[in-house]
Amino acid sequence: MSRLALVTGASSGIGAAYAEVLAADGWDLLVVARRKDRLDQLSARLGSEHRIAVTVAEADLSRPDQLERLADRVSELPVEMLVNNAGLGEYMPFTDLPVPTLLDLVNLDVLAPVRLARAVLPGMQSRRSGAVINISSLLAFSGTWTGPFMPARAVYAAAKSFLVTFSQVLSSEVRDQGIRVQVCCPGIVRTEFHTRQGMDLSSAPRMEPEAIVHASLRDLHEGVVLSVPGLDDPSMLANLDASLGAVMGATRAAELPARYRD
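Heads up: the sequence shown begins at 1 in UniProt numbering, then just goes up one per residue.
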């Protein structure tokens, strides 16, 4: 039986790599991006090489009307895997960020993944099978980071942080229904994402998109919700969860701590 995967931002980089790997594993694909010419080339090649069905959907998911049309369409399809990869960076100081660009960033990086997940999850629940992968970033954890290669990123980092929490909570809601949810947080990846913004990261260590996909899909198979492909010691994530849990437990009080009552 064929399996259908929906991959957004599939025209290049990490999205194209997911399409490549899933096609090689026999998945039929619905690939989405703004650049239809690239999607058509990808579709022709993958369909020929792997004898799978590839459907192309040209859409700018930062536009609410186009997002809604896609959501309505995929809600009627037996999507077995959703890869929410489409994203926008636009690194610059917050007050320099034009309002239309700010809205596009939030629409694409926050609204689109949530809306598409909402569109495909009821079908997954009825089949008691499926997976959602949300592509976030290590910058989701970068609120206090400074140093080389750190861009001005207030909205982008906050959007990626949203995806981490959204994915973790959603996973706890649907895991007992046979549905896996993962949030993948790559570091710097060798894609067009940074070069389109005029950033030269040639001197920075960068992973290949295919490596990110390999790590993500292996973690998905093993039930890992927060996938960090560049992390060699996953116990660090367990320690992070334990620390955050301790903070949550320590703040369940009816009165302010003594340090506020001096």
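Built from N, CA and C at the ideal position, the CB exists for glycine as well.
**Prompt:** Between residue 186 and the rest of its own chain, which residues show a CB-CB distance below 6 Å, the 5 nearest in sequence each way excluded?
**Reply:** 212, 229
**Asked** Closest by CA to residue 5, which one among 60, 74, 68?
**Response** 74
**Message:** Can you tell me where the alpha helix (DSSP H) holding residue 67 begins and where it ends?
**Reply:** 64-74
**Message:** Quick check: what's the CA-CA separation for residue 143 versus residue 239?
**Reply:** 19 Å
**Request:** Classify residue 216 as helix, strand or coil using the three-state DSSP reduction.
**Result:** helix
**Prompt:** Between the C-alpha atoms of residue 261 and residue 182, what's the straight-line distance to the nearest angstrom?
**Reply:** 42 Å
**Item:** 8 Å contact criterion, which residue 29 and residue 22 should meet: CB distance rounded
**Value:** 6 Å
**Message:** Based on DSSP bridge pairs, tell me the residues matched to residue 82.
**Reply:** 6, 132
**Request:** Check whether the Cβ atoms of residue 58 and residue 77 lie closer than 8 Å to each other.
**Result:** no
**Prompt:** Three or more C-beta pairs closer than 8 Å, one from the segment 124-137 and one from the segment 81-95: is that the case here?
**Reply:** yes
**Message:** According to DSSP, residue 226 sits in a beta bridge with which residue or residues?
**Reply:** 183
**Message:** Could you check whether the segment 103-118 touches the segment 36-51, counting it as contact only if at least three pairs of C-beta atoms, one from each stretch, sit closer than 8 Å?
**Reply:** no
**Asked** Taking three-plus beta-carbon pairs below 8 Å as touching, is the segment 145-160 in contact with the segment 209-226?
**Response** no
**Message:** Taking the straight line between their C-alpha atoms, what separation do you get for residue 135 and residue 254?
**Reply:** 38 Å
**Prompt:** Quick one: is residue 145 buried, meaning 16 or more other Cβ sit within 10 Å of its Cβ, or exposed?
**Reply:** exposed
**Request:** Note down the Cα distance separating residue 17 from residue 99, rounded to an integer number of angstroms.
**Result:** 32 Å
**Identity of the residue in 259, 3, 247 nearest residue 127 by Cα** = 3
**Item:** Rounded C-alpha distance that separates residue 241 from residue 108
**Value:** 28 Å
**Item:** Distance between beta carbons of residue 36 and residue 7, contact taken as under 8 Å
**Value:** Not quite, the Cβ-Cβ distance comes to about 15 Å (not below 8 Å), so this is no contact.
**Item:** Beta-carbon gap between residue 225 and residue 167 smaller than 8 Å
**Value:** yes
**Asked** residue 189 bridges to which residues according to DSSP?
**Response** 207
**Item:** Limits of the beta strand (DSSP E) - the one that residue 90 falls within
**Value:** Neither: residue 90 is in no beta strand (DSSP E) and is coded neither H nor E.
**Message:** Please classify residue 15 as buried or exposed, where buried requires at least 16 other C-beta atoms within 10 Å of its C-beta.
**Reply:** buried
**Item:** For residue 151, the nearest candidate out of 139, 161, 219 (CA to CA)
**Value:** 139
**Request:** Kindly indicate the opening and closing residues of the alpha helix (DSSP H) around residue 250.
**Result:** 235-250
**Request:** Would you mind sorting residue 147 into buried or exposed? The rule is 16 or more other CB atoms within 10 Å of its CB.
**Result:** exposed
**Asked** Where residue 62 and residue 25 are concerned, what is the direct C-alpha to C-alpha distance, given to the nearest angstrom?
**Response** 30 Å
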